[in-house]
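**Q** A single structure is presented below for examination.
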Amino acid sequence: MNFLQKTLLTALPCVLFSLAPTAANANNGITEYFGSFNSTVSQNPEGGSRADSLIAKAKNFIGLPYRFGGTSPTSGFDCSGFMQYVYKQTANINLPRTSGSMAQVGERINRSELKPGDMVFFSHGGGRISHVGMYIGEGRFIHSPSTGKSISITNLDSGYWANKFVTARRVLDA
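Read left to right, the sequence shown gives residues -26 to -1, 1 to 148 (mature numbering (1 follows the signal peptide of the UniProt record, and there is no 0)).
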């Protein structure tokens, strides 16, 4: 066995151990996802659109647990914190903190006119906006759903969300 092989075999357990979730986070319901998401995405990967960049950035967080009031990858995200973070980090767009306030920003879009990168808004009841996600195309959106769930991609017409859609907003330039 040569020197390089010995060095790699010695270092491998250290690397694997460092990738495991820490015990400190095991009690608070947040798991560190080393390697599951990447907080750096180029502004326009391979000449793609700003919407492509937003979607790529958002997809990096799939699997990160929902956290009520959360606004960062280290603490977790709630729905509006997730949108606020992704739009700011990727497109330098400052959004308000709540889904209800976000629903007042940008151009109102009919559901039939949705484009990737548009924000989609939902009501859990009573007509009041209570949830936001990002439309990614093909009838799907990415969002941080609720306590006990993780950031995921969902079909607009599936299950719970099918009759909860209220409106959409476009904040990206066409």
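Glycine is no exception: its CB is placed at the ideal position from the N, C-alpha and C atoms. Every value quoted in this text rests on a predicted model; they were computed, and no experiment measured them.
If I'm right that residue 210 touches V145 with Cβ under 8 angstroms, what's the distance once you round it to whole angstroms?
**A** No information on residue 210 is available, as it lies outside the stretch -26 to 148 that the chain covers here.
**Q** If you reduce the DSSP assignment to three classes, tell me which class A142 lands in.
**A** The count along the sequence shown starts at 1 and reaches residue 142 at position 168. Three-state DSSP puts A142 in a strand.
**Q** So what does DSSP say about N68, is it helix, strand or coil?
**A** In the sequence shown, counting from the first residue as 1, residue 68 sits at position 94. If DSSP states are grouped into helix, strand and coil, N68 belongs with coil.
**Q** Determine the contact status of I83 and R143, defining contact as a CB-CB distance below 9 angstroms.
**A** Taking the sequence shown and counting its residues from 1, the one referred to as residue 83 is at position 109. Taking the sequence shown and counting its residues from 1, the one referred to as residue 143 is at position 169. Closer than 9 angstroms, so yes.
**Q** In this structure, how does DSSP classify residue 174 when only helix, strand and coil are distinguished?
**A** Given that the chain is displayed from residue -26 to residue 148, the structure contains no residue 174 and the question cannot be resolved.
**Q** Closer than 6 angstroms by C-beta to H117: which residues in its own chain qualify, once you throw out the five before and the five after it? Chain order, please.
**A** The count along the sequence shown starts at 1 and reaches residue 117 at position 143. The answer, listed in chain order, is C53, G107.
**Q** Please list, in chain order, all residues of the same chain as Q58 whose beta carbon is under 7 angstroms from its beta carbon, the five residues on each side excluded.
**A** By 1-based counting over the sequence shown, the position of residue 58 is 84. Cβ neighbours of Q58 beyond the five flanking positions: T45, L69, R71.
**Q** In whole angstroms, give me the CA-to-CA distance for N(-2) and S49.
**A** What you label residue -2 is simply residue 25 of the sequence shown in a count that begins at 1. What you label residue 49 is simply residue 75 of the sequence shown in a count that begins at 1. Note that N(-2) scores a pLDDT of 33, beneath 50, so its modelled location is shaky; the value from the coordinates is reported in the next line. Looking at the two C-alpha atoms, the distance is approximately 10 angstroms.
**Q** Classify I103 as helix, strand or coil using the three-state DSSP reduction.
**A** As a first step, residue 103 must be located in the sequence shown, where it is residue number 129. Reduced to three states, the DSSP call for I103 is coil.
**Q** Which class does E81 belong to by DSSP, given the choice of helix, strand or coil?
**A** Here the question's residue 81 lines up with position 107 in the sequence shown. Here E81 sits in strand by DSSP.
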